[in-house]
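**Q**
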Amino acid sequence: MEATPTGARTVARLARFVEVALADCDLSLPQYRLLSLLSEGSVNASTLARRLVVSRPSVTALVDGLVARGMVERGTDPADRRHVTHLVTERGQAVLDAADRTAASRLQDLSAHLSPDDVPAARAGLAAWGRALDSYRETATRARHWPTKSTTGDSMPPTTSEDTAAREAGAPSAGQPDTAALAAQAAATGMLSAFWATVQPGAPAIRSAQGDRTFAELNARTNQLSRALRARGLQAGDSIALVSSNRPEFVETLYAAQRTGLRLTPVNWHLTADEINYILRDCGARAVVVDGRFVDTVGEALDGVDARALLVVDGAHDRFEDYEQALAAESGEDIEDPVLGTTMAYTSGTTGRPKGVHRPPAPPSGAGASELATLVAEASAYVPGQDLNLVTGPLYHSAPLLFSLSMPLSRGAGVVLMDKWDAEETLRLVERHRITHTHLVPTMFHRMISLPQEVKDRYDLGSLRNIWHGAAPCPVPVKQALMDWLGPIAWEYYAATEGFGSVVGPEEWLARPGTVGHPTPGHIRILDDAREDLPAGVPGTIYLRAPDTGRFVYLGDEDKTSSSYLGDYYTLGDVGYLDEEGWLFLTDRSVDLIISGGVNVYPAEVEAVLITHPSVGDVGVIGVPDPEWGESVKAVVELQPGYEPTPALAEELQTWARERLAHFKCPRTVDFVEELPRTPSGKLSKRVLRENFRQQAAAGTDA
1 MEATPTGART VARLARFVEV ALADCDLSLP QYRLLSLLSE GSVNASTLAR RLVVSRPSVT
61 ALVDGLVARG MVERGTDPAD RRHVTHLVTE RGQAVLDAAD RTAASRLQDL SAHLSPDDVP
121 AARAGLAAWG RALDSYRETA TRARHWPTKS TTGDSMPPTT SEDTAAREAG APSAGQPDTA
181 ALAAQAAATG MLSAFWATVQ PGAPAIRSAQ GDRTFAELNA RTNQLSRALR ARGLQAGDSI
241 ALVSSNRPEF VETLYAAQRT GLRLTPVNWH LTADEINYIL RDCGARAVVV DGRFVDTVGE
301 ALDGVDARAL LVVDGAHDRF EDYEQALAAE SGEDIEDPVL GTTMAYTSGT TGRPKGVHRP
361 PAPPSGAGAS ELATLVAEAS AYVPGQDLNL VTGPLYHSAP LLFSLSMPLS RGAGVVLMDK
421 WDAEETLRLV ERHRITHTHL VPTMFHRMIS LPQEVKDRYD LGSLRNIWHG AAPCPVPVKQ
481 ALMDWLGPIA WEYYAATEGF GSVVGPEEWL ARPGTVGHPT PGHIRILDDA REDLPAGVPG
541 TIYLRAPDTG RFVYLGDEDK TSSSYLGDYY TLGDVGYLDE EGWLFLTDRS VDLIISGGVN
601 VYPAEVEAVL ITHPSVGDVG VIGVPDPEWG ESVKAVVELQ PGYEPTPALA EELQTWARER
661 LAHFKCPRTV DFVEELPRTP SGKLSKRVLR ENFRQQAAAG TDA
């Protein structure tokens, strides 16, 4: 298919109408991601889709062909291979030929609607379409020469030079039988790292400043630690606490717990000795593994802790054994009788002591995984042995632990561990390691897009395919600016890891800015304070449908557990609404809601406006006591470099808000701070912000 001027102009014109191009195609999520992966990598799915000037049959045939190629090159079961052969030989070519004729007719009809400025984009779009067609036809040609049976009796393609090269590089080959079934079997007993160590022993599993691990090395050391823990008396069902920075030993301890039936509690290493002691006693820790950086604090936290194993990584303490010496005494062969373990994280403790959130064992992906984990894994479309995920947040936090670490490793992709997050360092690591996936929070988005243009231009970020975020409302202008810079690669999830999940892709979000997804009907309820259902468009507390089995509980706190549930539904305390078409939008956390003069004010809405002012590096909006209004709106601002905190600037920010919001939502006061309080995962801590104000107000000073 040649790139004629007429065709080029029309493709570029229709690039603006992605909904038209794919309106009737009904692409599934895996098909859509495979389209991205298989169109030479340089053209992502949304870009290619926007440039298609074709009918439904031609798009369907193209996707079928590319999915077929993906099946062939990644290995499938015999039934799939027979279906692939049918797609690319008996049906596909005829459909494509007809589609070409249809497209040519439409090209001629629409060629007059293009401006000269669109020509370069048009040529690129048409070239991408042509490459995709060539890819399909190449697959069809290969399919005609596939033997009907392999030496094992399965219908399968021949081994190619590309297959051999991939195998030598440590990636799984196309001929491996029942890969998915073997992976699922391994996941059920916590032995996924053992599975990948067999499939791709030399592929990178971990890269970090504290050392690297291949999948084979990670598995061997995990087995050594598993045996060391069992030798010290730990049994399935026991609790193990881990106080560690992002380093390889964190992963080894996690995997050892997963295959020995232990309940792992990752502990926030920012806590004091008293706070750590409470968690160690509350979770019933029978073993503690600690990073040498924190061993002195943890050593002070052992009173009343009945632990049989105390191990220190890269450090020394008179009450702890050396981690490496404990491993050196054990075999690295796969352990016998593996038992799937679980993880119990502790809540942040906004009211009273934190509570452990316990859920039954479940693998991070595959059979038995939560709906949310499955959706994220499918959308991520990891390529084993090739893709790398940059871990930006502390691994004791649930989101980085699941989405940045456990999920990619469970799919055979490696991880790069950051010890401490920094905006420019993130860009440097993406370029250096050719990072394909990462997980960020909205504050990180803002700090990255606020970097000077010359800094952003310094790094090649073209390898990035997926940036994940969730669990906190993201200002629409911030996410839009991120995708204006990096392309439509920002994916968002909503809900908790214990059950229901909603995922929204970049194209869906761009069509409905601010949405967090389109939940399955019946999986979401929006309730008022009387727990009555609210109509579309009206904000209320979001309740999520709980899974039939595997529901979470707060360890030792039945009242807190029961208060989170309403029949078969539970709440995370978020406020939001469903629109008329069933798309979900978050407005805020219920605990952060401001009621001023009897009217609800959602801080996230005010923050989303203030963050767009050029002087604002970050902002937190809280409600403060007001004798007339009950509460009034206060904005606490962290300025961008080069700006000075002055009364004039505070007034300018108030004016900025009044020009964009109803006046009752606008901050009555604006304070400036050098740095806003944050949780270790990078999220703004409204709890600390409110507490700081209360303390300063009690002392007679402003916040």
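Residue numbers (full-length UniProt numbering): 1 to 703. By construction, the Cβ of each residue, glycine as well, lies at the ideal position given by its N, Cα and C atoms.
#1: Go ahead and label Arg-545 buried or exposed: buried means 16 or more other beta carbons lie within 10 angstroms of its beta carbon, across all protein chains shown.
#2: Using three-state DSSP, classify Asp-484 as helix, strand or coil.
#3: Note the first and the last residue of the continuous alpha helix (DSSP H) segment covering Phe-672.
#4: Determine the direct distance from the alpha carbon of Val-688 to that of Ser-245, and round the result to whole angstroms.
#5: On the CB-based measure, 16 or more other CB atoms within 10 Å of its CB, does Thr-272 come out buried or exposed?
#6: Quick check on the burial criterion: 16 or more other C-beta atoms within 10 angstroms. Buried or exposed for Arg-411?
#7: Would you tell me roughly how many angstroms separate the C-alpha atoms of Val-243 and Phe-320, rounded to the nearest one?
#8: Taking a contact to mean a Cβ-Cβ separation below 9 Å, would you say Glu-607 touches Pro-475 in this structure?
#9: Would you kindly check if the distance between the Cβ of Leu-262 and the Cβ of Ser-239 is under 9 Å?
#10: In whole angstroms, what separates the C-alpha of Ile-622 from that of Trp-509?
#11: Going by DSSP, name the residue or residues bridged to residue 720.
#12: Measuring alpha carbon to alpha carbon, tell me which residue in Thr-260, Asp-322, Gln-258 and Glu-275 is nearest Val-289.
#13: Output the distance between the C-alpha atoms of Trp-485 and Gly-284, rounded to the nearest integer angstrom.
#14: Nearest to residue 712 by CA position, among Val-441, Ala-481 and Val-430, is which residue?
#15: Given a threshold of 16 other Cβ atoms within 10 Å of its Cβ, counted over all protein chains shown, does Val-538 qualify as buried or as exposed?
#16: Under 9 Å between C-beta atoms, does Thr-571 make it to chain C?
#17: Apart from the five residues just before and just after Pro-625, which ones in its own chain have a Cβ nearer than 7 Å to its Cβ?
#18: Could you tell me which of Pro-645, Ser-685 and Thr-392 sits nearest to Met-448, measuring between CA atoms?
#19: If you run the structure through DSSP and keep just helix, strand and coil, what is Ser-226?
#20: Let me know if Thr-541 comes out buried or exposed under the rule of 16 or more other beta-carbons within 10 Å of its beta-carbon.
#21: How about Tyr-493 and Ile-524: are their beta carbons less than 9 Å apart?
#22: Quick check on the DSSP output: the alpha helix (DSSP H) that includes Ala-495 runs from which residue to which?
#23: What do you get for Val-455, buried or exposed, if any count of 16 or more other CB atoms within 10 angstroms of its CB means buried?
#24: Which residues share a DSSP beta bridge with Val-688?
#25: Given Thr-160, which residues of its chain have a CB within under 6 Å of its CB, disregarding the five upstream and five downstream residues?
#26: In chain order, what residues of the same chain lie with their CB nearer than 7 Å to the CB of Ala-301, ignoring the 5 residues before and after it?
#27: Contact check, Ala-442 vs Val-478 under 8 Å by CB: the rounded distance?
#28: Just the Cα atoms here: how many angstroms apart are Ser-344 and Asn-223?
#29: Go ahead and label Pro-513 buried or exposed: buried means 16 or more other beta carbons lie within 10 angstroms of its beta carbon, across all protein chains shown.
#30: What does DSSP give as the partner residue(s) for Phe-585 in the beta ladder?
#31: Classify Thr-646: buried if its beta carbon has 16 or more other beta carbons within 10 angstroms, exposed otherwise.
#32: Given this structure, state the Cα-to-Cα distance separating Ile-489 from Ala-203, to the nearest angstrom.
#33: For Gly-487, which of Leu-461, Pro-519, Asp-568 and Ala-495 has the nearest alpha-carbon?
#34: Tell me where the beta strand (DSSP E) around Ala-241 begins and ends.
#35: Can you name the residues that DSSP bridges to Lys-420?
#36: So the candidates are Thr-679, Leu-610 and Glu-674; which of them puts its Cα closest to the Cα of Glu-651?
**A** Per the coordinate set shown:
#1: In the sequence shown, counting from the first residue as 1, residue 545 sits at position 545. Buried is the call here.
#2: Residue mapping note: residue 484 aligns to position 484 of the sequence shown, counting from 1. Helix.
#3: Working through the sequence shown from its first residue, we reach residue 672 at position 672. Per DSSP, Phe-672 belongs to no alpha helix (DSSP H); it is in the beta strand (DSSP E), 669 to 673.
#4: For the purposes of this step, residue 245 is taken as the residue at position 245 of the sequence shown. For the purposes of this step, residue 688 is taken as the residue at position 688 of the sequence shown. Whole-angstrom Cα-Cα distance: 23 Å.
#5: Taking the sequence shown and counting its residues from 1, the one referred to as residue 272 is at position 272. Exposed.
#6: On the sequence shown, residue 411 is found 411 positions in, with the first residue counted as 1. By the C-beta density criterion, Arg-411 is buried, having at least 16 other C-beta atoms within 10 angstroms.
#7: Along the sequence shown, one-based indexing puts residue 243 at 243. Along the sequence shown, one-based indexing puts residue 320 at 320. Cα-Cα distance, rounded: 13 Å.
#8: The count along the sequence shown starts at 1 and reaches residue 607 at position 607. The count along the sequence shown starts at 1 and reaches residue 475 at position 475. Result yes, Cβ atoms of Glu-607 and Pro-475 sit closer than 9 Å.
#9: On the sequence shown, position 239 is the one that residue 239 refers to. On the sequence shown, position 262 is the one that residue 262 refers to. In contact: Ser-239 and Leu-262 (Cβ atoms closer than 9 Å).
#10: Sequence index remark: in the sequence shown, residue 622 carries index 622 (1-based). Sequence index remark: in the sequence shown, residue 509 carries index 509 (1-based). C-alpha separation (whole angstroms): 28 Å.
#11: Since the first residue shown for the chain is 1 and the last is 703, residue 720 is missing from the structure and cannot be characterised.
#12: Indexing the sequence shown from 1 puts residue 289 at position 289. When only C-alpha atoms are compared, the closest one is Asp-322.
#13: Here the question's residue 485 lines up with position 485 in the sequence shown. Here the question's residue 284 lines up with position 284 in the sequence shown. The straight-line gap from Cα to Cα measures roughly 48 Å.
#14: The chain is shown only over 1 to 703; residue 712 falls outside these bounds and no answer can be derived.
#15: Within the sequence shown, residue 538 is the residue found at index 538, counting from 1. With fewer than 16 other Cβ atoms within 10 Å, it is exposed.
#16: Structure shown: chain C not included; a single protein chain is present.
#17: Numbered from 1 along the sequence shown, position 625 holds the residue referred to as residue 625. Cβ neighbours of Pro-625 beyond the five flanking positions: Glu-631.
#18: For the purposes of this step, residue 448 is taken as the residue at position 448 of the sequence shown. Of the candidates Pro-645, Ser-685 and Thr-392, the one whose C-alpha sits nearest the C-alpha of Met-448 is Thr-392.
#19: Your numbering for residue 226 matches position 226 in the sequence shown. The answer is helix: DSSP assigns Ser-226 an H, G or I state.
#20: One-based indexing of the sequence shown puts residue 541 at position 541. Result: buried.
#21: What you label residue 493 is simply residue 493 of the sequence shown in a count that begins at 1. What you label residue 524 is simply residue 524 of the sequence shown in a count that begins at 1. No, Cβ-Cβ distance for Tyr-493 and Ile-524 is not below 9 Å.
#22: The residue labelled residue 495 in the question sits at position 495 within the sequence shown. Run containing Ala-495: none; DSSP gives neither H nor E here.
#23: Here residue 455 is taken as the residue at index 455 of the sequence shown, counted from 1. Burial is judged here by how many other beta carbons sit within 10 angstroms of a residue's own beta carbon; Val-455 has fewer than 16 and is exposed.
#24: Counted from its first residue, the sequence shown places residue 688 at position 688. Looking at the DSSP assignment, Val-688 forms no beta bridge with any residue, so it has no partner.
#25: The count along the sequence shown starts at 1 and reaches residue 160 at position 160. Since pLDDT at Thr-160 reaches only 38, below the 50 mark, its modelled position is unreliable, and the value read off the structure follows with that caveat. Taking Thr-160 as the centre and dropping the five residues before and after it, the same chain places no C-beta closer than 6 Å to its C-beta.
#26: Against the sequence shown, residue 301 aligns to sequence position 301. Same-chain partners within the cutoff: Ala-273, Ile-276, Asn-277 and Leu-280.
#27: Translated into the one-based positions of the sequence shown, residue 442 becomes position 442. Translated into the one-based positions of the sequence shown, residue 478 becomes position 478. For the sequence presented, residue 442 should be read as Pro rather than Ala. At roughly 6 Å, the Cβ-Cβ gap stays under 8 Å, so Pro-442 and Val-478 are in contact.
#28: In the sequence shown, residue 344 corresponds to position 344, counting from 1. In the sequence shown, residue 223 corresponds to position 223, counting from 1. It is worth fixing the name first, because residue 344 is Met in this sequence and not Ser. Cα to Cα, Met-344 sits roughly 22 Å from Asn-223.
#29: Against the sequence shown, residue 513 aligns to sequence position 513. Pro-513 should be labelled exposed.
#30: Within the sequence shown, residue 585 is the residue found at index 585, counting from 1. Answer by DSSP bridge pairing, in chain order: Thr-515 and Tyr-577.
#31: Within the sequence shown, numbered from 1, the residue matching residue 646 stands at position 646. Looking at its Cβ environment, which holds fewer than 16 other Cβ atoms inside 10 Å, Thr-646 is exposed.
#32: Locating residue 489 in the sequence shown gives position 489, where the first residue counts as 1. Locating residue 203 in the sequence shown gives position 203, where the first residue counts as 1. Each residue's alpha carbon lies about 25 Å from the other.
#33: The residue you call residue 487 lines up with position 487 of the sequence shown. Closest option to Gly-487, Cα to Cα, is Leu-461.
#34: The residue you call residue 241 lines up with position 241 of the sequence shown. Segment 239 to 243, the beta strand (DSSP E) holding Ala-241.
#35: As a working note, residue 420 is residue 420 in the sequence shown. Lys-420 is not bridged to any residue.
#36: As a working note, residue 651 is residue 651 in the sequence shown. Nearest to Glu-651 by C-alpha distance, out of Thr-679, Leu-610 and Glu-674, is Leu-610.
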